[in-house]
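J.:
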Amino acid sequence: MNVFLPDGSEMALPEGATGRTLAEAIGPRLAKAALGVTINGTTRDLDTPLSEGDQVAVVTAQSEEGLSLLRHSASHVMAEAVTKVFPGTKVAIGPSIKDGFYYDFDFPEPISETDLARFEEEIGRSVKAAHPFQRREVSREQALQLFAGEPYKVELIRDLPEGATISIYQHGDFTDLCRGPHVPDTSRIGAVKVLSTAGAYWRGRSDNPMLTRIYGTAFPSKKDLEEHLERLEMARQRDHRKLGRELDLFSFHDEAPGFPFFHPKGMVVINTLLDYWRKEHAVAGYQEIKTPIILDRALWEQSGHWDNYKDNMYFTKIDEMDFAVKPMNCPGGILVYKSAQHSYREFPLRMAELGLVHRHEMSGVLHGLFRVRAFTQDDAHLYCLPEQVEDEVLGVIDLVRRMYRTFGFEKVHLELSTRPAKSIGSAEMWEKAEASLAGALARTGLDYQLNPGDGAFYGPKIDFHIEDVMGRTWQCATCQLDFAMPERFSLEYIGVDNQRHAPVMLHRTVLGSIERFLGIIIEHYGGAFPAWLAPVQVTIIPIADRHADYAREVAGVLQVAGLRVEVDERAESVGRKIRDNEVSKVPFMLVVGDKEEAARTAAVRSHGKGDLGAMSLDVVAATLAEQCRTPEVQG
RNA sequence: GCCGGCGUAGCUCAACGGAAGAGCAACUGAUUUGUAAUCAGUAGGUUGGGGGUUCGAUUCCCUUCGCCGGCUCCA
């Protein structure tokens, strides 16, 4: 029989050939590396028989599929190990995920992290034994009988659609309900590390029982695994909570869980960020407003937040009247809009607000600056005519991309979410709105993912995702059309026809939450901010006390040039001062001693780059001012 | 909110039923230094809070608050 290889070539194989035969026929090295086989686009067990004319490819751990095959198999081996160590444990599901795998268990008794090493030991035994993974297809009745003692498996089997193939995989004396495929035997799962435990609801629903999830990862070789563990450690070093403390940017206190305290250096970064933000927005034609943090309950009833968002809101009483702390800025912004009559001639009207919002997040979800209970949204509300929507959306996309590029977030992933099942507004309205969003996206030429039915109940939206150094993606910017608010608040403008009309309202953020964005860039830069954002841009290091006056003079020159400067006058060695300033990631250091004072120069040292040699004060001031300048804003 | 883990000096960690310790940071003094840690000394803690067991609790138990890893939710 003949099969087709990925490069388009044809290969003749004996009748009854399997993926293994194919790999062996191609070469001994591939045969050794083969974990599975892709047949006509579907990854299968290596020993799956091939058929005439199949499009085939051998799967190895070099590919994503191969890795996930390996990890999925590793999860089975871990389940075997866990049930051996703790007999009576019920097993749930165990898929491969990005960078690893997990398996959910229902333990008779709670386990502890110290048990993880025992699982690893047991996994090692199973790997050594090289038990083959054997696939069997069974009837529903057989499956139910086989997993009679496994309530979660029984539930899964019951939920399988009529006529579905039910397959089981056995290795050694462990059998699992599984669609497969798997690696040929347990010796092929590579280097496995059991990482952590966590609680997880059965099937992800919070009204279901909580299971114990065990995370692990597997790599083809010990070396790959070690590299991955090193990457994890590097990411841990970049954790913004750790860097925030070390660089003295912000802190958290028991007295205010989820509410960050910003220190002077943190405020410098935030204010610099906002200076830049304001420049970009001014050029993009935005006006800035500011609305109160506490507003009357009646406003929230009118906006719909009372009905839809109450659980996340904070309340207070003033003079016996109910007020709410705002979780969003829109209702306040709308009151500003309504404070005057508007004409179509003013449109598009772009009103930005750096609004401090409070949301009662569940205690378990708080996470440094990434998830807080009070944060500043870089919000804006755009009011325009229906025919202006597409241009406005395009303008927002441009602004978002330009600002992200400033921070080196080149890769932006866009998602368009359309009308959900439960929504307000006419079908025609939605069609038009979705078309304008899609139209704007098309004009950018960017790829985007379509999420049908994922829009807000009041309108479709575009979300922007960026990826941080730890590979986590963050939704920062969002741009959504809002049909609800103009209607609820009877917003109007006078049109060309001198009649009242409802404006189209767009709601958008760029950075999302200033606090969280700060957290993201701390990790993105590993704490070493670009010079324009650095809390201290230049430290001047006098060699000895007699150089302090000259050092202060140099500092004065640089301050006049607009730089944030400190003089390190401590009675420490030069080496120590340099080390401390390197550790706090100050972009530039100027070392001044007898030579520099005599020649009116300074020896420049750049963070991470080292000594750049002496330069005259004028040159130093000009060069550093240039290096520390806020990025250009283009019109 | 739920599951599991952890709370000891500002930070990183010891001691784990029998007088609370180290390194770094801080402070004081000496040193005046040429590109990643000068030396010496001082101070710092009701061991997160509350309750219990015990002759005795940082250690064991309960409870509460916070933090960490996840789940769920979300900017």
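For what it's worth, the numbering used here labels the leading residue of the first sequence as 1215, then goes sequentially.
Glycine included, every Cβ here is placed at the ideal spot set by N, Cα and C.
Computed from a prediction, not measured in an experiment: that's the story for all the values here.
1. With DSSP as the reference, label Asp1763 as helix, strand or coil.
2. Report the rounded CA-to-CA distance for Pro1717 versus Ile1403, giving the unit in angstroms.
3. Over what stretch of residues does the alpha helix (DSSP H) that includes Ala1699 continue unbroken?
4. Starting from the C-beta of Val1368, find all residues in its chain whose C-beta is less than 8 Å away, skip the five residues before and the five after it, and write them out in chain order.
5. Relative to the alpha-carbon of Ala1496, which residue among Leu1446, Ala1566 and Arg1455 has its alpha-carbon at the smallest distance?
6. Report back the beta-carbon spacing between Asp1782 and Ile1754 to the nearest angstrom; my notes put them in contact at under 8 Å.
7. Hey, quick one: how far does the beta strand (DSSP E) through Asp1521 stretch, first residue to last?
8. Provide the residue span of the beta strand (DSSP E) that contains Asp1592, from first to last.
9. Gly1280 to Arg1657, Cα distance in whole Å?
10. Hey, how far is the Cα of Asp1313 from the Cα of Leu1439?
11. Give me, in chain order, the residues of the same chain whose beta-carbon lies closer than 8 Å to that of Val1579; leave out the 5 immediate sequence neighbours on both sides.
12. If we call anything under 7 Å between Cβ atoms a contact, is Met1527 one with Ala1512?
13. Should Asp1318 go down as buried or exposed, given a rule of 16 or more other Cβ atoms within 10 Å for buried?
14. From Ser1650 to Glu1224, what distance separates their C-alpha atoms?
15. Do the segment 1481-1499 and the segment 1717-1730 touch if we need at least three Cβ pairs shorter than 8 Å?
16. The beta strand (DSSP E) spanning Asp1536 covers which residue range?
17. Could you compute how far the alpha carbon of Pro1674 sits from the alpha carbon of Glu1642?
18. Just to confirm, is the Cβ distance from Ser1381 to Glu1351 under 7 Å?
19. Since Ala1745 contacts Cys1842 with CB under 8 Å, what's their CB separation in whole angstroms?
20. Which same chain residues, not among the five before or five after Gly1518, have their C-beta less than 7 Å away from its C-beta?
21. Judging by CA-CA distance, which residue of Ala1295, Pro1309 and Ser1310 is the nearest neighbour of Thr1303?
22. Note the first and the last residue of the continuous beta strand (DSSP E) segment covering Ser1637.
23. Let me make sure I understand the geometry here. Which of Pro1541, Thr1723, Pro1666 and Thr1431 has the alpha-carbon closest to that of Pro1634?
24. Applying the criterion that 16 or more other CB atoms from any shown protein chain within 10 Å of the CB defines a buried residue, is Glu1737 buried or exposed?
25. Less than 6 Å between C-beta atoms, sequence neighbours within five positions excluded: which residues of the same chain meet that for Asn1795?
26. Going straight from the alpha carbon of Ala1275 to that of Thr1328, what length do you get?
27. Report the three-state DSSP secondary structure of Pro1375 (helix, strand or coil).
28. Indicate whether the contact test is met: 3 or more Cβ pairs, each with one atom in the segment 1232-1248 and one in the segment 1260-1270, closer than 8 Å.
29. Do you know how far the Cα of Gly1622 is from the Cα of Pro1845?
30. Hey, is the segment 1433-1450 in contact with the segment 1542-1558, meaning 3+ C-beta pairs nearer than 8 Å?
31. Quick check on DSSP: helix, strand or coil for Asp1782?
32. Using DSSP bridges, identify the partner residues of Ile1755.
33. Starting from Lys1312, trace the beta strand (DSSP E) in both directions and tell me its first and last residue.
34. How close, in whole Å, do the beta carbons of Glu1336 and Val1397 come, if the pair is a contact with beta carbons under 8 Å?
35. In angstroms with no decimal places, state the Cα-to-Cα distance between Gln1516 and Glu1460.
36. Measuring only the C-alpha atoms, how far is Leu1695 from Pro1478?
T.: In short:
1. Taking the first sequence and counting its residues from 1, one reaches residue 1763 at position 549. If DSSP states are grouped into helix, strand and coil, Asp1763 belongs with the helices.
2. Residue 1717 sits at position 503 when you count from the first residue of the first sequence. Residue 1403 sits at position 189 when you count from the first residue of the first sequence. Taking the straight line from one Cα to the other gives about 60 Å.
3. Locating residue 1699 in the first sequence gives position 485, where the first residue counts as 1. According to the sequence shown, residue 1699 is Met rather than Ala. From DSSP, the alpha helix (DSSP H) with Met1699 extends over Ala1698 to Arg1702.
4. Translated into the one-based positions of the first sequence, residue 1368 becomes position 154. For Val1368, where only same-chain residues beyond five positions count, the Cβ hits under 8 Å are Leu1358, Phe1361 and Ala1362.
5. Here residue 1496 refers to the residue found at position 282 when the first sequence is read from its first residue. The candidate whose alpha carbon is nearest that of Ala1496 is Ala1566.
6. Counted from its first residue, the first sequence places residue 1782 at position 568. Counted from its first residue, the first sequence places residue 1754 at position 540. Rounded, the Cβ-Cβ distance is 7 Å, consistent with contact.
7. The sequence position of residue 1521 within the first sequence is 307, counting from 1. First-last for Asp1521: His1519 to Asn1522, but that is the alpha helix (DSSP H), not the beta strand (DSSP E).
8. Residue numbering aside, residue 1592 sits at position 378 when the first sequence is read from its first letter. Start and end: Ala1588 to Cys1598.
9. As a first step, residue 1280 is located in the first sequence; it is residue number 66 there, counting from the start. As a first step, residue 1657 is located in the first sequence; it is residue number 443 there, counting from the start. Roughly 38 Å between the two C-alpha positions.
10. Within the first sequence, the letter at position 99 stands for residue 1313. Within the first sequence, the letter at position 225 stands for residue 1439. Answer to the nearest angstrom: the Cα atoms are 10 Å apart.
11. As a working mapping, residue 1579 is identified with position 365 in the first sequence. The beta carbon of Val1579 sits closer than 8 Å to those of Arg1585, all from its chain and outside the five residues before and after it, given in chain order.
12. The residue you call residue 1527 lines up with position 313 of the first sequence. The residue you call residue 1512 lines up with position 298 of the first sequence. Contact annotation: Met1527 and Ala1512 have beta-carbon atoms that are not nearer than 7 Å.
13. Position 104 of the first sequence, counted from the start, is the residue given in the question as residue 1318. Its Cβ being crowded by 16 or more others within 10 Å, Asp1318 is buried.
14. Taking the first sequence and counting its residues from 1, the one referred to as residue 1650 is at position 436. Taking the first sequence and counting its residues from 1, the one referred to as residue 1224 is at position 10. For Ser1650 and Glu1224, the distance between alpha carbons rounds to 48 Å.
15. With a cut-off of 8 Å, the segment 1717-1730 and the segment 1481-1499 count as touching, because enough Cβ pairs lie within range.
16. By one-based count along the first sequence, residue 1536 stands at place 322. First-last of the beta strand (DSSP E) with Asp1536: Met1535 to Val1539.
17. Residue 1674 sits at position 460 when you count from the first residue of the first sequence. Residue 1642 sits at position 428 when you count from the first residue of the first sequence. Answer to the nearest angstrom: the Cα atoms are 13 Å apart.
18. Taking the first sequence and counting its residues from 1, the one referred to as residue 1381 is at position 167. Taking the first sequence and counting its residues from 1, the one referred to as residue 1351 is at position 137. Cβ distance < 7 Å, so Ser1381 and Glu1351 count as in contact.
19. Stepping through the first sequence from its first residue, residue 1745 is reached at position 531. Stepping through the first sequence from its first residue, residue 1842 is reached at position 628. The C-beta separation of Ala1745 from Cys1842 comes to about 4 Å, placing the pair in contact by the 8 Å criterion.
20. One-based indexing of the first sequence puts residue 1518 at position 304. Taking Gly1518 as the centre and dropping the five residues before and after it, the same chain places the C-beta of Ala1698 and Arg1702 closer than 7 Å to its C-beta, in chain order.
21. By 1-based counting over the first sequence, the position of residue 1303 is 89. Among Ala1295, Pro1309 and Ser1310, the Cα nearest to that of Thr1303 is on Ala1295.
22. What you label residue 1637 is simply residue 423 of the first sequence in a count that begins at 1. That residue, Ser1637, is in no beta strand (DSSP E); it is neither H nor E in DSSP.
23. Walking along the first sequence from the start, residue 1634 turns up at place 420. The candidate whose alpha carbon is nearest that of Pro1634 is Pro1666.
24. To locate residue 1737, count along the first sequence from 1; it is residue 523. Under this definition Glu1737 is a buried residue.
25. Locating residue 1795 in the first sequence gives position 581, where the first residue counts as 1. Closer than 6 Å at the Cβ level, and outside the excluded window around Asn1795, lie Thr1753 and Met1803.
26. Translated into the one-based positions of the first sequence, residue 1275 becomes position 61. Translated into the one-based positions of the first sequence, residue 1328 becomes position 114. Each residue's alpha carbon lies about 30 Å from the other.
27. One-based indexing of the first sequence puts residue 1375 at position 161. When secondary structure is reduced to three states using DSSP, Pro1375 falls in the coil class, being assigned neither helix nor strand.
28. Yes, they touch.
29. If you number the first sequence from 1, residue 1845 lands on position 631. If you number the first sequence from 1, residue 1622 lands on position 408. For Pro1845 and Gly1622, the distance between alpha carbons rounds to 12 Å.
30. With the cut-off at 8 Å, the segment 1433-1450 and the segment 1542-1558 do not touch.
31. Within the first sequence, numbered from 1, the residue matching residue 1782 stands at position 568. Asp1782: coil per DSSP, three-state reduction.
32. The residue labelled residue 1755 in the question sits at position 541 within the first sequence. Partner(s): Val1805.
33. Counting from 1 along the first sequence, the entry for residue 1312 is found at position 98. For Lys1312, there is no enclosing beta strand (DSSP E), since its DSSP letter is neither H nor E.
34. In the first sequence, residue 1336 corresponds to position 122, counting from 1. In the first sequence, residue 1397 corresponds to position 183, counting from 1. That belief does not hold up - the Cβ atoms of Glu1336 and Val1397 are roughly 18 Å apart, past 8 Å.
35. Along the first sequence, read from residue 1 onward, the residue named residue 1516 stands at position 302. Along the first sequence, read from residue 1 onward, the residue named residue 1460 stands at position 246. If I take the Cα positions, the gap works out to 45 Å.
36. Position 481 of the first sequence, counted from the first residue, corresponds to residue 1695. Position 264 of the first sequence, counted from the first residue, corresponds to residue 1478. About 38 Å.
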